[in-house]
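Student: Numbered according to the working numbering, the sequence shown spans residues 100 to 185.
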Amino acid sequence: DEFMVIEKYSHVMHIVSNVKGELADGKNAVDIIDAVFPGGTITGAPKVRTMEIIEELEPVTRGPYTGSLGWINFSGDLELNIIIRT
100 DEFMVIEKYS
110 HVMHIVSNVK
120 GELADGKNAV
130 DIIDAVFPGG
140 TITGAPKVRT
150 MEIIEELEPV
160 TRGPYTGSLG
170 WINFSGDLEL
180 NIIIRT
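1. Please say whether E121 and H113 have beta carbons closer to each other than 8 Å?
2. Given I171, which residues of its chain have a CB within under 6 Å of its CB, disregarding the five upstream and five downstream residues?
3. I'd like to check one pair, S167 with I181: are the Cβ atoms closer than 8 Å?
4. Can you confirm whether S116, when its beta carbon is compared against all beta carbons of chain C, has any partner nearer than 8 Å?
5. Which class does M112 belong to by DSSP, given the choice of helix, strand or coil?
6. Using the three-state DSSP reduction, which class does I181 fall into: helix, strand or coil?
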């Protein structure tokens with residue numbers, strides 16, 4: 100698919116990557132969302148360790164400040180994005 104493709108719009112440019120995969124047996128859409136969110140662009144990288152450090156250092160849990168927009172159908176197809184600073 101696409102990896103780090105630059106999409107240009109009237110007032111902004113975005114780096115876009117599209118990722119496809121097959122779901123392992125016994126996993127569902129909730130498992131996917133749990134694995135990929137929050138995105139590394141939100142937490143920093145490496146994501147899991149960064150989230151551990153944030154939890155160790157910050158006295159209060161962060162509230163929602165970003166989000167996602169997407170869809171899932173009854174066949175299990177799923178498309179999501181990360182919404183930043185909207």
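Glycine is no exception: its CB is placed at the ideal position from the N, C-alpha and C atoms. Computed from a prediction, not measured in an experiment: that's the story for all the values here.
Tutor: So, from the listed chains and residues:
1. no
2. A128 and L177
3. Yes, the Cβ-Cβ distance between I181 and S167 is below 8 Å.
4. The question asks about chain C, but that chain is absent: this structure has only one protein chain.
5. strand
6. coil
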